[in-house]
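My numbering runs 59 ahead of the 1-based position in the sequence shown. Heads up: the structure comes next, in structure tokens.
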Amino acid sequence: MADGGPPPMVRRLAVEVVDARDLVPKDGLGTSSAYAVVDFDGQRKRTRTVPRDLNPQWHERLEFAVPDPTAMHAEGLDVSLYHDRRFNPSGGAGKNHFLGRVRIYGSQFSRRGEEGILYFPLEKRSLLSWIRGDVGLKIYYYDEPAVPPPPEDRPPEGGDNAPTELPDTPMPTEAAVEVQQPPVQPPVIVVEEAPMPPMHGPHGPMMSPVHGPHPHPQPPQPEPEPESEPDVGEAPYPPEVRKTRIASSTEHVRIVRHLSGGLGPEYYASSPRVISGRFMSTGDAIEPMQSSHDLVEPMRYLFVRVVRVRGIRACEGPYVKIQAGPRTLRTRPGRDISGTGNPEWNQVFAISHGKPETTLEISVWDGGAPSPVEAFLGGVCFDLSDVPVRDQPDGPLAPQWYRLEGGEPGMVTGDIMVAVWIGTQADDAFPEAWNTDAPYAVYTRSKVYQSPKLWYLRASVIEGQDLRVPAPPLGLPFDVRVKIQVGFQSARTRRSVASSSGSAFAWAEDLMFVVSEPLDDSLIVLVEDRSMIKEPALLGHATIPVSSVEQRLDERHLVASRWFNLEGGTSGIGIGPGGPPGFYSGRLHLRLCLEGGYHVLDEAAHVCSDYRPTAKQLWKPPVGVLELGIIGACGLLPMKTKGGAKGSTDAYCVAKYGKKWVRTRTVNDNLNPRWNEQYTWPVYDPCTVLTVAVFDNWRMFAGGGDDRQDYRIGKVRVRVSTLESNRAYTASYPLLVLLRSGLKKMGEVQLAVRFTSPAHLPDTWATYTSPLLPRMHYLRPIGVAQQEVLRAAAVRTVAAWLARSEPPLGPEVVRHMLDVDAHTWSVRRAKANWFRIMGVLAWAVGLARWLDGVRRWRTPSTTVLVHVLYLVLVWYPEMVVPTTSLYVFLIGVWYYRFRPLGPAGMDARLSQADTVEPDDLEEEFDAVPPPDVLRSR
Numbered sequence: 060m061a062d063g064g065p066p067p068m069v070r071r072l073a074v075e076v077v078d079a080r081d082l083v084p085k086d087g088l089g090t091s092s093a094y095a096v097v098d099f100d101g102q103r104k105r106t107r108t109v110p111r112d113l114n115p116q117w118h119e120r121l122e123f124a125v126p127d128p129t130a131m132h133a134e135g136l137d138v139s140l141y142h143d144r145r146f147n148p149s150g151g152a153g154k155n156h157f158l159g160r161v162r163i164y165g166s167q168f169s170r171r172g173e174e175g176i177l178y179f180p181l182e183k184r185s186l187l188s189w190i191r192g193d194v195g196l197k198i199y200y201y202d203e204p205a206v207p208p209p210p211e212d213r214p215p216e217g218g219d220n221a222p223t224e225l226p227d228t229p230m231p232t233e234a235a236v237e238v239q240q241p242p243v244q245p246p247v248i249v250v251e252e253a254p255m256p257p258m259h260g261p262h263g264p265m266m267s268p269v270h271g272p273h274p275h276p277q278p279p280q281p282e283p284e285p286e287s288e289p290d291v292g293e294a295p296y297p298p299e300v301r302k303t304r305i306a307s308s309t310e311h312v313r314i315v316r317h318l319s320g321g322l323g324p325e326y327y328a329s330s331p332r333v334i335s336g337r338f339m340s341t342g343d344a345i346e347p348m349q350s351s352h353d354l355v356e357p358m359r360y361l362f363v364r365v366v367r368v369r370g371i372r373a374c375e376g377p378y379v380k381i382q383a384g385p386r387t388l389r390t391r392p393g394r395d396i397s398g399t400g401n402p403e404w405n406q407v408f409a410i411s412h413g414k415p416e417t418t419l420e421i422s423v424w425d426g427g428a429p430s431p432v433e434a435f436l437g438g439v440c441f442d443l444s445d446v447p448v449r450d451q452p453d454g455p456l457a458p459q460w461y462r463l464e465g466g467e468p469g470m471v472t473g474d475i476m477v478a479v480w481i482g483t484q485a486d487d488a489f490p491e492a493w494n495t496d497a498p499y500a501v502y503t504r505s506k507v508y509q510s511p512k513l514w515y516l517r518a519s520v521i522e523g524q525d526l527r528v529p530a531p532p533l534g535l536p537f538d539v540r541v542k543i544q545v546g547f548q549s550a551r552t553r554r555s556v557a558s559s560s561g562s563a564f565a566w567a568e569d570l571m572f573v574v575s576e577p578l579d580d581s582l583i584v585l586v587e588d589r590s591m592i593k594e595p596a597l598l599g600h601a602t603i604p605v606s607s608v609e610q611r612l613d614e615r616h617l618v619a620s621r622w623f624n625l626e627g628g629t630s631g632i633g634i635g636p637g638g639p640p641g642f643y644s645g646r647l648h649l650r651l652c653l654e655g656g657y658h659v660l661d662e663a664a665h666v667c668s669d670y671r672p673t674a675k676q677l678w679k680p681p682v683g684v685l686e687l688g689i690i691g692a693c694g695l696l697p698m699k700t701k702g703g704a705k706g707s708t709d710a711y712c713v714a715k716y717g718k719k720w721v722r723t724r725t726v727n728d729n730l731n732p733r734w735n736e737q738y739t740w741p742v743y744d745p746c747t748v749l750t751v752a753v754f755d756n757w758r759m760f761a762g763g764g765d766d767r768q769d770y771r772i773g774k775v776r777v778r779v780s781t782l783e784s785n786r787a788y789t790a791s792y793p794l795l796v797l798l799r800s801g802l803k804k805m806g807e808v809q810l811a812v813r814f815t816s817p818a819h820l821p822d823t824w825a826t827y828t829s830p831l832l833p834r835m836h837y838l839r840p841i842g843v844a845q846q847e848v849l850r851a852a853a854v855r856t857v858a859a860w861l862a863r864s865e866p867p868l869g870p871e872v873v874r875h876m877l878d879v880d881a882h883t884w885s886v887r888r889a890k891a892n893w894f895r896i897m898g899v900l901a902w903a904v905g906l907a908r909w910l911d912g913v914r915r916w917r918t919p920s921t922t923v924l925v926h927v928l929y930l931v932l933v934w935y936p937e938m939v940v941p942t943t944s945l946y947v948f949l950i951g952v953w954y955y956r957f958r959p960l961g962p963a964g965m966d967a968r969l970s971q972a973d974t975v976e977p978d979d980l981e982e983e984f985d986a987v988p989p990p991d992v993l994r995s996r
């Protein structure tokens, strides 16, 4: 390692086995002698044995080395509990009994300082195992400097001033020498051909086309000597790690697959395609590699990256002009960033290549020249038939220097560094490129956003003491309340219960708020006296940073309460005139905690896209991958007029699933836009919903300081549970919007959806049988009214967070995607819910009517057959179960024909949007109507 460089770091994983609860007795006396065995990446360690205790406590910390920190999230940690037979009264012969196991994945590990005690239910090893109880673990990781190997003792040679010997230079192998030998040069044959006619540019003869991006030959330049990289030695590992490590050539080849059927993060990257079972000869047709945009149509673009120029004459504001057929593009003025006098741009252009052009001209111009003749600084011409085609997963094309030519003799000098290639929308340079489909504005680029991490903050107001409360008017009780403010949120407790002395008050009430990371807000606690008829008097206040509040991950972990001193009351009881502003005004007993076991709902519960709890330690591994291809839209209605009469729409699409938001680029002035963009999300629960909406861009026309809102066109929802695994669905969904005038179709959006899951059928059944929300929602449920208040606060927090992005995602877009008014009551929604309930109970009503028809002999043949079947089942009762199973199977086969063949969009009949009355629409859109309208109703 070089002197002064940072030391190499080694990551270690610490597992603290705290305790276990309610274990199964195994020693024949109603107890167990339990110990824990922890396995991680081939390393195995165990705790001590706690004799004869069904609730053992270990409090032991076991440490493991992490050989590859980048792959830690894909590794699994196994904790198994066993009964030690040595403590049995009959002796210790035989195998130790199994008490249960737990498997935790690396994505649930937390960094040191963020850990907490989590209780995991013990799982069975087989179907017939009798297992119960929980085990409490505290898992975290940390990085520490690696211990350097001891230096070797070598005798000094030549004294202190002897030159340091360089390390031995490696010698090339025979294969390397053979590769480096120059090939035999064939005889040079000179072929003379007629010169090409000169091409004339706008100001003089232009240069001849360059066949492909072959640069002008440059004189060889001395290559800089490579910097010596620090020699980082391998950190020492324990023996159990060293014996399980494998060769580096096979260390990262495997695709990590969790035992539960989920995939590790390597699956979501571009993994190699493995061909098994046969070898392909050179004559067989080779299947092309599947690109990352296989759900959408490939769109060809001509990419031009303009980097810099050198050797041109001094000028002011130089710029580069790109001309490909009828399209002419222009860069921004160049800037001398390096201070060498050579302007730089580093700008990429994406020119639609649907109709290929023959040539591409790139020229440099002086922005401050008085005449166009003097402004021309030279250019280069490319023959597009020889431009390379870049396909994924190829790396970026390296820019090269080209000689500037053309113009008047002696006026053009210098070189330009550019790169020209043909690619698709899957190119990594496409999102930030200047696109010919849309104007180059910040509001028109495609972006990916992330929602903030939201927490529920629970503030339990217990009691207050030493409060200086004046006596209330005669006949009125004490009315002291606590008000807590967090940002824009505010909540107040109910009336307190006062002591006989009037200085101590009790509330025992919980207030909940929504906070987001980074936790830079503060709680402002106000104690108010509302006994007076006038304005409430402030008895004291306190400020508590949210970052100092303890996190709680499990309902069994009780956070300790604290006393907070109050300052700055205005009642003046017991304080002389002119007292200090920060005087002691009493104290307040609070219990504050950040609830990590809840899922902060920012969407409606029935259309939610994520049900994971806030704490990362409680997350389960993903069960699959959801891929969305946003192909385009057709038949959109004009949303704005240009030029006085022409209708146009500048449409873009927004998709939201989980914490990830995506926004496509804006296609300018097109009623049938084509995006052809593809995105992926990890799926943690198949009972979730993907939301896709189309908007009309108005912010691109906003001036300085002017904030214009985008118009919504329509929205589509796709339930992941309706998608068949490993199958792509491509469909055109109607964009239906309910307006004051009724249901209106705004166009159609074309989507391609695919859900990929390697989980087996038992794992899928287990996923559907698990509760939808985290367990904290059932152990300590939140009321419906309070949940709606918290959801509104969460929506506002997410909207404020995304509005600070660049480019911002407007609050109107976020509110429309998250359905702020989803629980607003209306007559139409009440009718829709009623018909849904009747549809669920329709089978019971139909069965009752059929039995009544059998009883009344409406169809004699049916009644006779029912009686015969009844007598057969009475005589042969063993036929009851097979007959019932046969009928259920036949009914399933009958209704299988009517199954939906694809994910359904909006059902206008189910939502009663096609039969709604005008009065009901008026009531839904105008909750508080004018008096004359209310009188007419």
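Glycine included, each C-beta is placed from N, C-alpha and C at the ideal position.
Following the continuous alpha helix (DSSP H) through residue i, name the residue where it begins and the one where it ends.
i	result
Pro824	According to the sequence shown, residue 824 is Trp rather than Pro. 820-828 is the span of the alpha helix (DSSP H), which, as asked, contains Trp824.
Thr856	843-862
Asp911	901-914
Phe760	Premise fails: Phe760 is in no alpha helix (DSSP H) and is neither H nor E.
Glu433	431-434
Met835	835-838
Residue i: which of the options sits nearest, CA to CA?
i	options	result
Pro385	Gln406, Thr974, Leu419	Leu419
Ser607	Leu625, Leu598, Asp580, Asp202	Asp580
Ile521	Leu570, Asp193, Val940	Leu570
Cys374	Met470, Leu187, Phe123	Met470
Ile583	Val545, Ser620, Phe564, Thr552	Val545
Gln509	Val748, Met698, Arg722, Arg621	Arg722
Arg968	Pro990, Trp893, Ser920	Trp893
Pro536	Tyr743, Gly393, Ser558, Ser620	Ser558
Tyr94	Val109, Asp86, Pro84	Val109
Gln845	His616, Ala550, Asp112	Ala550
Ala818	Met698, Leu849, Val682	Val682
Leu960	Asp588, Tyr788, Trp860	Tyr788
Arg621	Lys593, Cys652, Pro595	Cys652
Leaving out five residues before and five after residue i in sequence, what residues of the same chain have Cβ atoms less than 8 Å from its Cβ?
i	result
Met358	Ser411, Gly413, Thr483, Gln484, Arg733, Asn735
Asp911	none
Excluding the 5 residues preceding and the 5 following residue i in the sequence, name in chain order all residues of the same chain whose CB lies nearer than 6 Å to its CB.
i	result
His1049	Examination of residue 1049 is not possible in this model, given that the chain is present from 60 through 996 alone.
Pro745	Val779, Ser780
Ser139	Val96, Arg160
Leu730	Leu695, Thr708
Gly195	Val77, Asp78, Ile176, Tyr178
Quick one: residues in its chain with C-beta nearer than 7 Å to the C-beta of residue i, no 5 flanking neighbours on either side, listed in chain order?
i	result
Pro830	Tyr837
Val753	Ala692, Ala710, Cys712, Ile772, Gly773, Leu794, Val808
Arg767	Trp757, Arg758, Phe760, Ala761
Arg615	Tyr178
Go to residue i, then tell me how far its beta strand (DSSP E) extends in each direction, as first and last residue.
i	result
Glu982	Careful: Glu982 lies outside any beta strand (DSSP E), inside the alpha helix (DSSP H) at 977-984.
Ile543	539-545
If you scan the segment 645-716 from start to end, which runs of the beta strand (DSSP E) of 3 or more residues do you find wholly inside it?
The qualifying runs are 683-693, 699-701, 705-707, 710-716.
How about the segment 820-830 and the segment 646-665: do they share at least three Cβ pairs that are nearer than 8 Å?
As far as the Cβ criterion goes, the segment 820-830 does not touch the segment 646-665, which means the pair count is below three.
Does the segment 649-667 come close enough to the segment 150-167 to have 3 or more Cβ pairs within less than 8 Å?
The segment 649-667 makes no contact with the segment 150-167: fewer than 3 CB pairs, one atom from each, lie closer than 8 Å.
Inter-stretch contact (C-beta, 8 Å, three-pair minimum) for the segment 780-792 and the segment 881-894
Counting C-beta pairs with one atom in each stretch, the segment 780-792 and the segment 881-894 have fewer than three that are closer than 8 Å, which means they do not touch.
In chain order, what are the residue ranges of uninterrupted alpha helix (DSSP H) at least 4 long that sit wholly in the segment 402-459?
List check, alpha helix (DSSP H) in window: 431-434.
When you compare the segment 793-805 with the segment 668-678, are there three or more beta-carbon pairs, one atom per stretch, that lie closer than 8 Å?
No, because fewer than three Cβ pairs between the segment 793-805 and the segment 668-678 fall closer than 8 Å, the two stretches do not touch.
Taking 8 Å as the threshold, find out whether the segment 439-450 comes into contact with the segment 510-520 through three or more Cβ pairs.
These segments do not touch.
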